[in-house]
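Working notes for the structure below.
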Amino acid sequence: MSYLLPRLTTKKEVDQAIRNTAELVLVLRFGREHDPVCQQLDDILSKTSNLLSKMAAIYIVDVDSIPVYTQYFDITLIPATIFFFNGQHIKVDYDRPDHTKFIGSFRNKQDFIDLVEVIFRGAMRGKVMVRSPIDPRNVPQYELLYKEI
Amino acid sequence: MKMMASTKKTDKNIQDFNYCDVCRRHHSQGRKHVYSRTHRDNINAIINKYGKKVKIAKPVLKHPVVESGVNDENFWCYFCGCEVKKHDTTTTSTMKYGGFFRHLASQEHRQKTFSYWWDNRIEKSLKNSFLLTQEDYGKYKKRLVDAVALWEASQQKIRSEPGTAKSSSDQSSLSETPANLGEPLPSSNLISNAQHQKVQKATRQVQDLQKKTSVKPNTKAMYTIEAHGENLTCVQLPKELGACGNVHTGATPPWLWKDDDVTDIAGASSSKQIGPTVEDLQKHKKQKTLPKGRVGADFDRGSSSADGEEWLPSFGRVWQVGRRWKPWQQKRKGKTKASAAQSRPDYNSEEVNGP
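One line per chain: the protein sequences are A and B, in this order. So the first sequence is numbered by full-length UniProt numbering: it starts at 1 and just counts up by one. So the second sequence is numbered by full-length UniProt numbering: it starts at 1 and just counts up by one.
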């Protein structure tokens, strides 16, 4: 379903998207086209993009095409969904080790819609960190091991 | 009869009235008053209240406690009717209940207690708990000397550790901020409110100091070395890391990097465009009323410079202890101060020196 969503292929395009998306939640999906979980997520994103058109702009980014961003966001597991508002990266507390991105696919469309709405409302109130409304059981489990540089 | 009663009342002159300190009122009952219910209740209340204080302090008699920081708490001795210093203090340390024990052991307190017991007809067995013999006090003093020596040794150890030695120059400016205030004090329930606030303030100073000395953007970076998730594909990360930093560190995000020229692209695309320019469209477009406090309300889309710390997220501490709203408030405070003193270019030092 990824062909239904706009795709960003270069760093410049991603920069532009982050900078120029105004008063909307920018959703960047980092993943691979042929990854089964990514396809599930793309399905949910493409089906909700129209519903969320007043609240969110959704783009698809290939992890391998822009290593700068992959490295900056420390993406190790795909799909990873990252949210921005007016050029500001929004962190979300998912009850998981990583607050900077959502890793894995959403369970259903409603979960994603809820999350975007919470981010949008929070951002409008000046919040750069919000708590995820998604039931923690519906958030994929993963483990990360960090190392200090 | 009635007449007689009224004359009896008027007969009483001022000498017949006595003032009771315990009940805080004048009465004409003479010695009978000390047996009255109100007086007995008041005395019981005092004995209970004072007894509790003594009970809390008593364990310290056997095991003297020395703490960093100055605690000038007072306590009220009901028997002597005076306020006495609770702890013995030096410029940097507090000997807990030093003043309290000295007062209980003093001869004056002994006399006053005896007369208090006599005046108010209190049960004699209770008296001893409010007195301290010279012997016990002498023993306490001996133990205290050891405790102070121990405390000084521990302080020396802390000072000699490399982490704190580095910030010793900063600590001198804080005028004897105790090193272990970061931990909750064991007897915090005994400390008065004002004292507690003072301690909290000092704690904050210490925390700020630690932050200043140890945590700096780009110095303590983190990156994932291992990841595992159900059904999730793991991407191999490029090896050369650390030069640019990542989202977990204080690195400048890629969309704010200076190297790529944004205005150039916009100019090139505008030459192809037909119709009114974006500015013209914006003029005619009905402006939505949006909350001023929203995220990135004053984000400058044109400029690519990441000037100072402005782009930094106003929160953090995801991997650190503490409340999330705290760094946000700290940042806010720092910001207002920075804007007040705009002439000073170094925003960082301003923020740290602020609170």
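We treat Cβ as the ideally placed atom computed from N, Cα and C, and that holds for glycine.
Quiz item: Hey, out of Tyr69/A, Ile75/A, Phe30/A and Lys91/A, whose CA is closest to leucine 5/A's CA?
Solution: Here residue 5/A is taken as the residue at index 5 of the first sequence, counted from 1. Nearest C-alpha to leucine 5/A: Phe30/A.
Practice problem: Can you say whether alanine 165/B is buried or exposed, counting buried as having 16 or more other CB atoms within 10 angstroms of its CB? | Solution: On the second sequence, position 165 is the one that residue 165/B refers to. Because alanine 165/B sits at a pLDDT of 39, beneath the cut-off of 50, its placement in the model cannot be relied upon, and the point is left open.
Quiz prompt | Local Cβ density within 10 Å of residue 384/B, reported as buried at 16 or more and exposed below that | solution = Only positions 1 to 355 of chain B appear in this structure, which leaves residue 384/B out of reach.
Practice problem: Under 6 Å Cβ to Cβ from leucine 41/A, same chain only, skipping five residues before and after it: list those, please. | Solution: In the first sequence, the residue the question calls residue 41/A occupies position 41. Around leucine 41/A: Pro79 and Ser105.
Self-check item: Per-residue contacts from proline 140/A into chain B (C-beta, under 9 Å)
Solution: Counting from one through the first sequence, the residue named residue 140/A turns up at place 140. Near proline 140/A (Cβ distances below 9 Å), the residues of chain B are Gly229, Glu230, Asn231 and Leu232.
Quiz item: So which of Val22/B, Thr90/B and Glu135/B has the shortest CA-CA distance to glutamate 39/B?
Solution: As a position in the second sequence, residue 39/B is number 39, starting the count at 1. Note on residue identity: the sequence assigns histidine, not glutamate, to residue 39/B. Checking every option, the nearest Cα to that of histidine 39/B belongs to Val22/B.
Quiz item: Which chain B residues are close to methionine 124/A, counting only those with a beta carbon under 9 Å from its beta carbon?
Solution: By 1-based counting over the first sequence, the position of residue 124/A is 124. Per Cβ cutoff of 9 Å: Leu290, Pro291, Gly293, Arg294 and Val295.
Self-check item: Against chain B: residues of the stretch 11–22 of chain A by CB proximity under 9 Å
Solution: Lys11, Lys12, Val14, Asp15, Gln16, Ala17, Ile18, Arg19, Asn20 and Ala22
Quiz item: In chain A, which residues lie with their C-beta within 8 Å of the C-beta of histidine 87/B?
Solution: For this step, residue 87/B is matched to residue 87 along the second sequence. Going along chain A, no residue has its Cβ under 8 Å from histidine 87/B, so there is no contact; the nearest lies around 43 Å.
Quiz item: Exposed or buried, leucine 150/B, counting other C-beta atoms within 10 Å across all chains shown (16 or more means buried)?
Solution: Translated into the one-based positions of the second sequence, residue 150/B becomes position 150. Per the 10 Å Cβ criterion, exposed.
Self-check item: Rounded separation between arginine 19/A and asparagine 86/A - CA only
Solution: For the purposes of this step, residue 19/A is taken as residue 19 along the first sequence, with counting starting at 1. For the purposes of this step, residue 86/A is taken as residue 86 along the first sequence, with counting starting at 1. Each residue's Cα considered, the two are about 7 Å apart.
Exercise. Starting from aspartate 62/A, follow the beta strand (DSSP E) in both directions and report where the run begins and ends.
Key: Here residue 62/A corresponds to residue number 62 of the first sequence, with the count starting at 1. Here the beta strand (DSSP E) through aspartate 62/A covers 56–62.
Practice problem: Tell me whether valine 60/B counts as near the ligand SAH, meaning its Cβ is closer than 7 Å to at least one heavy atom of that ligand. | Solution: Only the bare structure without any ligand can be found here, which leaves the ligand SAH out of the picture.
Quiz item: Pick from Tyr19/B, Arg24/B and Ser28/B: whose alpha carbon is nearest that of asparagine 13/B?
Solution: Residue 13/B sits at position 13 when you count from the first residue of the second sequence. With distances taken between Cα atoms, asparagine 13/B lies closest to Ser28/B.
Quiz item: What are the boundary residues of the beta strand (DSSP E) that includes aspartate 93/A?
Solution: Residue mapping note: residue 93/A aligns to position 93 of the first sequence, counting from 1. From DSSP, the beta strand (DSSP E) with aspartate 93/A extends over 88–93.
Exercise. Flag arginine 29/A as yes if its beta-carbon sits less than 8 Å from any beta-carbon of chain B, otherwise no.
Key: Here residue 29/A refers to the residue found at position 29 when the first sequence is read from its first residue. No, arginine 29/A does not count as interfacial toward chain B.
Quiz item: Hey, how far is the Cα of aspartate 72/B from the Cα of leucine 26/A?
Solution: Taking the first residue of the second sequence as position 1, residue 72/B is located at position 72. Taking the first residue of the first sequence as position 1, residue 26/A is located at position 26. Distance between the alpha carbons of aspartate 72/B and leucine 26/A is about 56 Å.
Quiz prompt | Residues bridged to arginine 301/B (per DSSP) | solution = The sequence position of residue 301/B within the second sequence is 301, counting from 1. DSSP output for arginine 301/B lists no bridge partner at all.
Quiz item: Is DSSP giving valine 128/A helix, strand or coil here?
Solution: Locating residue 128/A in the first sequence gives position 128, counting from the first residue. Coil, per DSSP.
Self-check item: Minimum C-alpha distance to tyrosine 146/A - residue among Asp300/B, Thr249/B, Arg24/B and Lys326/B
Solution: As a position in the first sequence, residue 146/A is number 146, starting the count at 1. Comparing Cα positions, the closest option is Thr249/B.
Quiz item: Is the beta carbon of leucine 281/B sitting closer than 8 Å to the one on proline 140/A?
Solution: The sequence position of residue 281/B within the second sequence is 281, counting from 1. The sequence position of residue 140/A within the first sequence is 140, counting from 1. Not a contact, by the Cβ cut-off of 8 Å.
Quiz item: Can you list, in chain order, the residues of its chain whose CB lies under 6 Å from that of residue 150/A, leaving out five sequence neighbours each side?
Solution: Past the boundaries of the shown model lies residue 150/A; chain A is included only from 1 to 149, so the question cannot be answered.
Practice problem: Pair every Cβ in the stretch 86–98 of chain A with every Cβ in the stretch 43–56 of chain A, then say whether three or more of these pairs are closer than 8 Å. | Solution: no
Self-check item: Residue closest to valine 84/B, alpha-carbon to alpha-carbon, out of Thr252/B, Gly293/B, Arg159/B and Phe100/B
Solution: Reading the second sequence from its first residue, position 84 is the one you call residue 84/B. Of the candidates Thr252/B, Gly293/B, Arg159/B and Phe100/B, the one whose C-alpha sits nearest the C-alpha of valine 84/B is Phe100/B.
Self-check item: Given phenylalanine 130/B as reference, the closest of Val66/B, Gly229/B, Lys139/B and Tyr116/B once Cα atoms are compared
Solution: Working through the second sequence from its first residue, we reach residue 130/B at position 130. The shortest C-alpha separation from phenylalanine 130/B is found at Tyr116/B.
Practice problem: Mind checking who serine 28/B pairs with in its DSSP beta bridge? | Solution: As a position in the second sequence, residue 28/B is number 28, starting the count at 1. Under DSSP, serine 28/B forms no beta bridge with any residue.
Practice problem: Pick out whichever of Ile122/B, Gly245/B, Trp76/B and Glu108/B has its Cα sitting closest to the Cα of aspartate 41/B. | Solution: Walking along the second sequence from the start, residue 41/B turns up at place 41. It is Ile122/B whose Cα lies nearest to the Cα of aspartate 41/B.
Practice problem: Could you name the residues of the stretch 43–72 of chain A whose beta carbon sits closer than 9 Å to any beta carbon of chain B, in the order they occur along the chain? | Solution: Val63, Asp64, Ile66, Pro67, Val68, Tyr69, Thr70, Gln71 and Tyr72
Quiz prompt | Closest residue to tryptophan 76/B among Glu67/B, Asn246/B, His87/B and Gly69/B (Cα-Cα distance) | solution = As a first step, residue 76/B is located in the second sequence; it is residue number 76 there, counting from the start. Looking at the Cα atoms, His87/B is the closest of the given residues.
Quiz prompt | threonine 263/B burial status per 10 Å Cβ neighbour count (16 or more: buried) | solution = By 1-based counting over the second sequence, the position of residue 263/B is 263. Model confidence at threonine 263/B stands at a pLDDT of 40, short of 50, so the residue's coordinates are unreliable and nothing is read from them.
Self-check item: When Phe79/B, Glu226/B and Tyr35/B are compared against phenylalanine 114/B, the one with the closest alpha-carbon
Solution: Here residue 114/B is taken as the residue at index 114 of the second sequence, counted from 1. Here the closest residue by C-alpha is Phe79/B.
Quiz item: Counting only beta-carbon atoms, is lysine 109/A nearer than 8 Å to chain B?
Solution: Numbered from 1 along the first sequence, position 109 holds the residue referred to as residue 109/A. So no, lysine 109/A is outside the interface.
Practice problem: Quick one: residues in its chain with C-beta nearer than 6 Å to the C-beta of phenylalanine 120/A, no 5 flanking neighbours on either side, listed in chain order? | Solution: In the first sequence, residue 120/A corresponds to position 120, counting from 1. Closer than 6 Å at the Cβ level, and outside the excluded window around phenylalanine 120/A, lie Val25 and Met55.
Quiz item: What do you get for aspartate 119/B, buried or exposed, if any count of 16 or more other CB atoms within 10 angstroms of its CB means buried?
Solution: As a working mapping, residue 119/B is identified with position 119 in the second sequence. Label assigned to aspartate 119/B: exposed.
Quiz item: Are the C-beta atoms of threonine 224/B and some chain A residue less than 8 Å apart?
Solution: As a position in the second sequence, residue 224/B is number 224, starting the count at 1. Yes, because at least one Cβ of chain A sits closer than 8 Å to the Cβ of threonine 224/B.
Practice problem: Ignore the nearest five residues each way along the sequence and tell me which others in residue 217/A's own chain have a CB closer than 7 Å to its CB. | Solution: Past the boundaries of the shown model lies residue 217/A; chain A is included only from 1 to 149, so the question cannot be answered.
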